[in-house]
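Structure first, commentary second.
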Amino acid sequence: MELSPVTDLPEIRPGDDLADLIADRAGDDLADGDVLTVASTVVSKGEGRTADLTEYPISGRAQDLADTLAELAGEEKDPRFAQAVLEESTELLIDAPFLLTETRFGHICVNAGIDRSNVPEHDLLLLPERPSKSAARIRDGLAEHGYEDVAVIVTDTCGRPFRHGQRGVAIGWDGMPASRDWRGEQDRDGRELGVTVQSVVDELAAAANLVTGEGAGGTPAVVVSDWAFGDLAGSDELFRSVEDDLIRQALRGWEWE
Ligand code: GDP
Ligand code: MN
Ligand code: MN
Ligand code: MN
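Under our numbering, the residue at position 11 of the sequence shown is numbered 11, and the numbers go up by one with no gaps.
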C-alpha cells in the first residue's frame, strides 16, 4: 500500500470544486481502484461551512453551558460558541468539563467537530453537513475527469477516550464499504471469529492522516494506492445507534438487567 499527498492545492474558497482541483494535480498518482482521503477542513471550506460567532444568538441553555465550562476551566468561555455547538448537534452526551455531542450525521465528537484552526477570515469552521454526500460528489467529480472508480473518504482529526493523542477518523465515505466483516472467518486455530468488524475507513483515515499532518503543511488530500478491500463482506455501519452502544447507555445511566 502506498500513500501519496496531492501537492500544490491552493487555499480552498467557498464554491471551489475539490474534484477539479485534485484531478488537475493528481496525474498518474491517482488511478481506478485507489482510495482518496480528503480532510474535512477543505471539504467544509469548499462548501462554505464557515461561520462567525456574531451570527449566534445566546440561548439560556448555551449561557448555562458556557458558565459551567468557564467555572471549571477558570477562564472565559464564549456562550456563542456553545450555541454553535448546540446548533450543529442532535444530542449533548457530556456537558462538562467539555461538550461531547452527536452531529446531525451521527458522528460523536467534542464541540460537534467545530474547528478554530486553519480558517482564515472567519471564527469557526463547521463540519460538512453530510460528509458521505460530500464524498460522493467528489467521487462523481473525479469520474468526470476519467478517474472512473476512486473511493473517497472524508476525514477529521479526533481525540479518543481512554488514550492520549488524536488521530484521523472517517466521517464520510463513498465508493467502498465502511467495514470489512470478519465474522464467520477462521483464526489460525480454526476458531470462528464472532465479533470482528474491521473499520477500514477509519484505518485508512488514520494512515492518511500521517501524511496529511495537522499544521500548515497544506496537504489535505492523500491518494491510497495498491490497497484492496478484498473478498470479505462489507458493511456501511460506522456510527452506533444508542440501542447498539453500551458506552452511550452507560453515560445515560441506563441500568442493565
Ligand atoms: P482536519 O483534520 O480535517 O480538521 O484538518 P486540519 O486542520 O488538520 O488540516 C489538514 C491538512 O489540510 C493540513 O495539512 C493543513 O495544512 C491542510 N489545509 C487546511 N486548509 C487548507 C487549504 O485551504 N488548502 C490547502 N492546500 N491545505 C489546507
Ligand atoms: Mn477538524
Ligand atoms: Mn487534522
Ligand atoms: Mn487482534
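Yeah, the Cβ is synthetic: ideal placement off N, Cα and C, and Gly gets one too.
(message) Across the segment 100-109 and the segment 80-89, are there enough close Cβ pairs to call them in contact, namely three or more that are closer than 8 angstroms?
(response) yes
(message) Is residue 212 a contact residue of ligand 3, with contact defined as CB to any heavy atom under 7 angstroms?
(response) yes
(message) Since residue 154 and residue 139 should fall inside the 8 angstroms C-beta cutoff, what is the C-beta to C-beta distance between them, to a whole number of angstroms?
(response) Residue 154 to residue 139, Cβ: 11 angstroms. No contact.
(message) Quick check on residue 185: buried or exposed, where buried means 16 or more other Cβ atoms within 10 Å of its Cβ?
(response) The residue in question, residue 185, is exposed, as its Cβ has fewer than 16 Cβ neighbours within 10 Å.
(request) Tell me, please, which residues DSSP counts as bridged to residue 221. (result) 38
(message) Given 7 angstroms as the limit, tell me if residue 41 has its C-beta closer than that to any heavy atom belonging to ligand 1.
(response) Yes - ligand 1 has a heavy atom lying nearer than 7 angstroms to the Cβ of residue 41.
(request) Might you give, ordered along the chain, the residues of its own chain that have their beta carbon closer than 7 angstroms to the beta carbon of residue 141, omitting 5 neighbours on each side? (result) 17, 19, 20
(request) Give the straight-line distance between the Cα atoms of residue 26 and residue 94, rounded to the nearest whole angstrom. (result) Linking residue 26 to residue 94 through their CA atoms gives a straight-line distance of about 41 angstroms.
(request) Would you tell me roughly how many angstroms separate the C-alpha atoms of residue 40 and residue 195, rounded to the nearest one? (result) 30 angstroms
(message) Any heavy atom of ligand 1 inside 7 angstroms of the beta-carbon of residue 88?
(response) no
(request) Grab the span of the beta strand (DSSP E) containing residue 101 for me, first residue to last. (result) 100-103
(request) Can you check the segment 149-180 for any beta strand (DSSP E) of at least 3 residues that lies completely inside it and give the ranges in chain order? (result) For the segment 149-180, whole beta strand (DSSP E) runs of length 3 or above, ordered along the chain, are 151-160, 163-174.
(request) Please determine if the segment 220-236 and the segment 196-207 are in contact, where contact requires at least 3 C-beta pairs separated by less than 8 angstroms. (result) yes
(message) Shorter than 7 angstroms, the distance from the beta carbon of residue 115 to the closest heavy atom of ligand 2, or not?
(response) yes
(request) Look at the Cβ atom of residue 49, then the Cβ atom of residue 99, and state whether they are nearer than 8 angstroms. (result) no
(request) Identify every residue that forms a DSSP beta bridge with residue 186. (result) 192
(request) Taking only heavy atoms of ligand 3 into account, decide whether any of them is closer than 7 angstroms to the Cβ of residue 219. (result) no
(message) Assuming contact is defined by CB atoms lying nearer than 8 angstroms, are residue 170 and residue 123 in contact in what I supplied?
(response) At least 8 angstroms separates the beta-carbon of residue 170 from that of residue 123.
(message) Do residue 180 and residue 152 count as a contact pair if the criterion is CB distance below 8 angstroms?
(response) no
(message) Taking 7 angstroms as the cut-off, is the beta-carbon of residue 54 closer than that to any non-hydrogen atom of ligand 3?
(response) No heavy atom of ligand 3 is found nearer than 7 angstroms to the CB of residue 54.
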